[in-house]
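Chemist: There's a structure below that I have some questions on.
Residue numbers (the working numbering), protein chains in the order written: chain A, 79 to 337; chain B, -8 to 415.
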């Protein structure tokens, strides 16, 4: 393959779309946009900025993208495969990948050779995902970006039992009515997410080293509490939400090399 | 839109509007999932026809039989010995319970966290949507799980029900219980039909049902070829229809289908390329029109080569010994055959694990998808043991839990596709 060939990976998730363009081994472009209710228009906008010989789409919108972008050479892979490939390239020893995105949580177990050996995804409900955090931050009137820091200011750990977003919100409301501080409630909500995530990690039979990716990896409280409970250092990439798009682009490069 | 069957459905007291809606949805669903397949066998036209007339011609046949004094007996479970029903000159129909249509009505009388299959049969009855249920002179329930057991108590308010007690273990005393239950069922059927089951009739019925099982076994042997000559969806449909079609006609037509497949296998032809990943389904039954998961699997670049399920190998693996001469010997042969069923209602149920591993090996699958209906505790619990057994045989497994709703299709697609990517 000539080094001048651009290969793009696009991860069309429920909340955001990420784009990565590789040329040879190097990253030449990355961009991000909210998914909105017009995901294709958002994809078009991102794609207009770049030229790519090959595009690999992943995420919930992968089929929609592949069906609509007939002018491009598009392949698709699932986000499981994309995260596995992306994580492995950023951290070659990684054995477990945790990805908490906008509406789902994935745990991927890799064998020593880096192949997917097993995976778990949450059920149809978005409990314990980015969407949960987003709604709870709104309920507590804290900006999503600083919700983790806010929770870390808590002075005690209270337990929130509901994982259902609707019930958790009413549980938070009744805690507020009892005079509990918003910081402590925020911490309780973060702990609830971590508990759910730990159960999933254990089901897959987690092995270290472990990478934490997806948008929720930006949240300092989820990170801190997870590391505490696991007694394990988490590897967090610089751009945790770009891992899927990177993996898709890497898959595209592999396809180009094969052809 | 009027059909030649409207007056028949009206006589059966169906909710005509809702029923027309159901048929329309079913037709569309069938078109998308079945008729869209390429390289389909000519012999599947028979199945297409039977399915297109599922609530039409087949029901008319049942009404005609009833007009000639025959009784129609509906069942929900592979434990109910069809041989007894046929020996009493009655017609047995497996009631399907694979659609969500009557869910709202069902949830008025059942807890919401009840499995989709139970909700379906109760819902169909309460919503007056199923001409099979309405044609039944007797519905046979069984105690395979707590949900079904208690639901039949409610169902019995609306239809005549006979419940068979299924043993939960396989000791000598359990066999005694089952033998007593088979005899009690025989009495009930004789009373309902007014016919006495003779040794000649029972012997003939045993042979007839064995023939049906044999042709399905032959189909399963043929489909195991590589490349795969028939889609998993089509074989599932054949198994589904085996529960309600006329057994003699069904066996003859599936025999012809098998002849055609044999030709295809001899020519080395298949519906997918040789390297297509081969998968096996295992777990809860998929009743008509529950084609959701097979469709997702076969749209994700894999092909299904086996169904370890009641609507699959569990129903056809074992034959009844045909050497019995006296009534006692034949009843014993029936009892022994049905006691071999490896349903998740038994404890322990190690035979099922052995069967799954053996089947996966014989079929040379690269993975197994374990299918559980939400809230089906016996199969959900066994999924763990199945995964462990398969792991020791180096066969990966994906556990799926879902129901008849369509809202999780995208999530399921991602899981199934990721599993196919993983095993490829």
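Using N, Cα and C, we set each Cβ at its ideal position, and we do this for glycine too.
It should be emphasised that the depicted structure is a prediction, and the values quoted were computed from it without experimental measurement.
1. Taking Cβ-Cβ distances shorter than 7 Å, what residues in chain B pair up with residue 156 of chain A?
2. Evaluate the contact criterion for the stretch 304 to 311 of chain A versus the stretch 189 to 205 of chain A: three or more CB pairs, one atom per stretch, below 8 Å.
3. Among B:268, B:119, B:51, which one has its Cα closest to the Cα of residue 360 of chain B?
4. Going by DSSP in three states, residue 362 of chain B sits in which element: helix, strand or coil?
5. Of all the residues that make up the stretch 191 to 215 of chain A, which are near chain B by a beta-carbon distance shorter than 8 Å?
6. Please check if any C-beta of chain B sits within less than 7 Å of the C-beta of residue 80 of chain A.
7. If you scan the stretch 141 to 225 of chain A from start to end, which runs of the alpha helix (DSSP H) of 4 or more residues do you find wholly inside it?
8. Extract the residue ranges of the beta strand (DSSP E) inside the stretch 271 to 315 of chain B, only unbroken runs of 3 or more that lie entirely within it.
9. Taking only the alpha-carbon atoms, compute the straight-line gap between residue 368 of chain B and residue 326 of chain A and give it to the nearest angstrom.
10. With 16 as the cutoff for other CB atoms within 10 Å, does residue 336 of chain A come out buried or exposed?
11. So, at 7 Å on beta carbons, what are the nonlocal neighbours of residue 61 of chain B in its own chain, with the 5 sequence-adjacent residues on each side left out?
12. What residues in the stretch 260 to 279 of chain B have a beta carbon less than 7 Å from any beta carbon of chain A?
13. For the beta strand (DSSP E) that residue 5 of chain B lies in, which residues bound it at each end?
14. In whole angstroms, give me the CA-to-CA distance for residue 117 of chain A and residue 223 of chain B.
15. Does any residue of chain B have a CB that is nearer than 7 Å to the CB of residue 159 of chain A?
16. Suppose the cutoff is 8 Å on Cβ atoms and the five residues either side in sequence are ignored; what does the same chain contact list for residue 302 of chain B look like?
17. Classify residue 268 of chain A as helix, strand or coil using the three-state DSSP reduction.
18. Since I believe residue 306 of chain B is in contact with residue 45 of chain B (beta carbons under 8 Å), could you give me their beta-carbon distance rounded to a whole number of angstroms?
19. Quick check: the Cα distance between residue 354 of chain B and residue 388 of chain B, rounded to an integer number of angstroms?
20. Using 7 Å as the threshold, is the C-beta distance between residue 135 of chain A and residue 124 of chain A below it?
21. Identify the contact partners of residue 401 of chain B in chain A, using a Cβ-Cβ distance below 7 Å as the criterion.
22. Does residue 125 of chain A come out as helix, strand or coil in the three-state DSSP assignment?
23. Are the beta-carbon atoms belonging to residue 185 of chain A and residue 289 of chain A less than 7 Å from one another?
24. Give the straight-line distance between the Cα atoms of residue 284 of chain A and residue 173 of chain A, rounded to the nearest whole angstrom.
25. Tell me whether the beta-carbon of residue 408 of chain B lies closer than 7 Å to the beta-carbon of residue 156 of chain A.
26. Do residue 315 of chain A and residue 168 of chain A have their C-beta atoms within less than 7 Å of each other?
27. Please classify residue 221 of chain A as buried or exposed, where buried requires at least 16 neighbouring CB atoms within 10 angstroms.
28. Just to check, is the beta-carbon of residue 172 of chain A closer than 6 Å to a non-hydrogen atom of the ligand MN?
29. What would DSSP say about residue 115 of chain A, mapped onto helix, strand or coil?
30. Measure the C-alpha to C-alpha separation of residue 43 of chain B and residue 214 of chain A and round it to an integer number of angstroms.
31. Quick one: grab the DSSP three-state call for residue 341 of chain B.
32. Would you say residue 252 of chain B and residue 287 of chain B are within 7 Å of each other, going by their C-beta atoms?
33. How far does the alpha helix (DSSP H) with residue 252 of chain A in it extend, from its first residue to its last?
34. Indicate the three-state DSSP secondary structure (helix, strand or coil) for residue 208 of chain B in the structure shown.
35. To the nearest angstrom, report how far apart residue 347 of chain B and residue 328 of chain A are at their CA atoms.
36. Leaving out five residues before and five after residue 79 of chain A in sequence, what residues of the same chain have Cβ atoms less than 7 Å from its Cβ?
Modeler: In this structure, then:
1. At a C-beta separation below 7 Å, residue 156 of chain A has these neighbours in chain B: 405, 408, 409, 412.
2. no
3. For residue 360 of chain B, the closest alpha carbon among the candidates B:268, B:119, B:51 is that of B:268.
4. Residue state, collapsed to three classes: strand.
5. 193, 194, 195, 196, 197, 199, 201, 202
6. Residue confidence is low: residue 80 of chain A scores 48 on pLDDT, short of 50, so the model does not pin down where it sits. No coordinate-derived value is stated.
7. Entirely contained in the stretch 141 to 225 of chain A, the alpha helix (DSSP H) runs reaching 4 residues are, in chain order, 157 to 168, 208 to 217.
8. 294 to 299
9. 38 Å
10. exposed
11. 80, 81, 82
12. Here the close residues number zero.
13. No beta strand (DSSP E) holds residue 5 of chain B; DSSP gives it neither H nor E.
14. 34 Å
15. yes
16. 227, 230, 231, 234, 276, 277, 278
17. helix
18. Not confirmed; about 19 Å, so no contact.
19. 15 Å
20. no
21. The contacting residues are 138.
22. helix
23. no
24. Rounded to whole angstroms, residue 284 of chain A and residue 173 of chain A show a C-alpha spacing of 8 Å.
25. yes
26. yes
27. exposed
28. Within the structure as shown, the ligand MN is missing, as the structure has no ligands at all.
29. Here residue 115 of chain A sits in coil by DSSP.
30. 50 Å
31. helix
32. no
33. In this chain, the alpha helix (DSSP H) harbouring residue 252 of chain A covers 243 to 255.
34. DSSP places residue 208 of chain B within a helical segment (H, G or I) once states are collapsed to three.
35. 37 Å
36. With a pLDDT of 45 at residue 79 of chain A, under the threshold of 50, the predicted position of this residue should be treated as unreliable, though the coordinate-derived value follows. Result list for residue 79 of chain A: 334, 335, in chain order.
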